[in-house]
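Undergrad: My structure is below; once you've seen it, I'll send some questions.
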Amino acid sequence: MAKPQQKRGKPKDTGRRVKKKVSILNSEQVVYVDWKDANLLRRFMSDRAKIRARRVTGNDTKQQREIAKAIKNAREMALLPYTNRVTTQRGGRRDRDGDDRRPRGDRPDRSERPERDEAAPATSEFEGIENAGEETEAVTEGSEA
């Protein structure tokens, strides 16, 4: 059974005014967004080569449309990447000091380890295969005659 949705009230007014983000295009008085200006266009892209949103860059609708079109043209002309692979270190739990290696503890010396017996033959599920080849050769030789 679905729960009834609670109505959201007005957001709390903390008394702070949110400062509107100023666009790079306005601050640098860029009149025309050129698709050949890769340095300018990279400022509107994330580290994964995605086009940043208006609320992040501070562009208005018209500027965002021009930026998106210029980035797409630059990608087509191979000036900008379509994607960027970002490598991050992944893994298990790490300590707070950043050392993710376990302590070595009391490990025996390598000289004390039991050596593996290299002279012992490896067992295989295909032990009889060596002889099977000889039988096949005999059958094929006999059929030629």
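First residue of the sequence shown: 1, per this note's numbering; consecutive thereafter.
Beta carbons are placed, not taken as given, at the ideal position from N, Cα and C, and that holds for glycine.
It should be emphasised that the depicted structure is a prediction, and the values quoted were computed from it without experimental measurement.
Would you mind sorting Arg17 into buried or exposed? The rule is 16 or more other CB atoms within 10 Å of its CB.
TA: So Arg17 ends up on the exposed side.
Undergrad: Check whether the segment 53-61 and the segment 78-92 are in contact - that is, three or more C-beta pairs closer than 8 Å.
TA: They do not touch, by the three-pair rule.
Undergrad: Does the Cβ of Thr57 have 16 or more other Cβ atoms within 10 Å, making it buried, or fewer, making it exposed?
TA: Answer is buried; the Cβ neighbour count reaches 16.
Undergrad: For Thr39, report the span of its alpha helix (DSSP H) as first-last.
TA: Note that residue 39 is Asn in the sequence shown here, rather than Thr. Segment 38-42, the alpha helix (DSSP H) holding Asn39.
Undergrad: Please report the straight-line C-alpha distance between Asn26 and Arg43, rounded to a whole angstrom.
TA: Roughly 14 Å separates the two Cα atoms.
Undergrad: Under 9 Å, do Ile67 and Val31 count as touching if we go by C-beta distance?
TA: Not closer than 9 Å, so no.
Undergrad: Let's test the definition: count the other Cβ atoms within 10 Å of the Cβ of Asn84 and tell me whether it reaches 16, buried, or not, exposed.
TA: With fewer than 16 other Cβ atoms within 10 Å, it is exposed.
Undergrad: What residue does the alpha helix (DSSP H) around Val55 start on, and which one ends it?
TA: It is worth fixing the name first, because residue 55 is Arg in this sequence and not Val. Its alpha helix (DSSP H) spans residues 54-57.
Undergrad: Quick one: what's Ile51 bridged to in DSSP?
TA: Per DSSP, Met45.
Undergrad: In three-state DSSP terms, what is Thr61?
TA: Looking at Thr61 - three-state DSSP - the assignment turns out to be helix.
Undergrad: Measure the Cβ-Cβ separation of Leu79 and Met45 and say whether it is below 9 Å.
TA: Against a cut-off of 9 Å, the Cβ pair of Met45 and Leu79 comes out as no contact.
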